[in-house]
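Using the UniProt record's numbering, the first residue of the sequence shown is number 1, and each one after it goes up by one. Ideal Cβ positions, reconstructed from N, Cα and C, are used throughout, including at glycine. Below: the structure, in structure tokens.
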Amino acid sequence: MTQERPTKERRLHPLAVRIMHWINAAAMMVMITSGWGIYNDDVIIHGLHFPGYLRLGEWAAWSVNWHFAGMWFFGINGLIYLTYGFATGRLRERLLPIRPRDIVKTVIDTLHFKIAHEDLTVYNAVQKLLYIVAILASINQALTGLALWKPVQFSSLVSLFGGFQSVRVFHFAGMVVIVGFVIVHVALAVLVPKTIWAMLAGGPRLQSPKPSRGLSKS
């Protein structure tokens, strides 16, 4: 007979995850809106300008200062989040596996309004894909941001992306991806308000096995 391993309760979103989530949300908004102010000073797409009420900073110099301030929070917090996610297995547990057929099925179900959000402990395939894309886009922003900030010191990064102007394009494209993610993320949170409460209070309690030296048999 196999003895069952004892279990302990844990929150869906531990305190550390909640703190990092909200720091990231604030830093991301600072980075995006100040970035729009910087962009307006040297546009990439002719005719595209961001209005003043969407920008952080009255002119480019102020926007740059805000961008640098947000950069440290976004970069350090993001690095800690990824380290925590890999070390605890949270990223693997929440985002994998992800299969193309599951993505197609989830999209079809969503189009037919058959998507369910009752179980907060499980991400559907599209949610997993969105989070993975957001993480990759954030890494792109960090690398291209370093190249834009110090193009001489990080000349290898500039070359990797195909030159300074290409770095700007990649940085702008990454911003578009992240803004798209934020819009979808906020829309889903509004449609399912309990997800907001879960990120504030921790969400449902889960059972996880306690560390054990082994299983005893009788």
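Under DSSP, the alpha helix (DSSP H) around residue i begins and ends at which residues?
i, result
"residue 53", "Where residue 53 is concerned, there is no enclosing alpha helix (DSSP H), given that its DSSP letter is neither H nor E."
"residue 172", "164–191"
"residue 36", "15–41"
"residue 158", "155–160"
"residue 196", "194–201"
Pull up the DSSP beta-bridge partners for residue i, would you.
i, result
"residue 9", "207"
What whole-angstrom Cβ distance do residue i and residue j have, given they're in contact under 8 Å?
i, j, result
"residue 170", "residue 161", "5 Å"
"residue 203", "residue 10", "No, residue 203 and residue 10 are not in contact; Cβ-Cβ is about 10 Å, not under 8 Å."
"residue 44", "residue 154", "Actually they do not touch by this definition, with Cβ atoms about 20 Å apart."
"residue 80", "residue 64", "That belief does not hold up - the Cβ atoms of residue 80 and residue 64 are roughly 25 Å apart, past 8 Å."
"residue 200", "residue 121", "Contact flag wrong, Cβ pair sits at about 17 Å."
"residue 174", "residue 144", "7 Å"
"residue 16", "residue 84", "6 Å"
"residue 147", "residue 167", "5 Å"
"residue 70", "residue 27", "5 Å"
At the 8 Å Cβ level, is residue i part of the contact set with chain D, yes or no?
i, result
"residue 22", "Structure shown: chain D not included; a single protein chain is present."
Every unbroken alpha helix (DSSP H) inside the region 75–125 [4 residues or more]: 90–95, 100–111
Count the CB pairs spanning the region 93–104 and the region 52–67 that are closer than 8 Å, and state whether there are at least three. no
Are the region 120–137 and the region 171–189 in contact at 8 Å, needing three or more beta carbon pairs? yes
At least 3 beta-carbon pairs within less than 8 Å: the region 74–87 vs the region 37–54: no
Touch test, the region 97–104 against the region 27–34, Cβ-Cβ under 8 Å, three pairs minimum: no
Contact between the region 135–145 and the region 171–180: three or more CB pairs below 8 Å? yes
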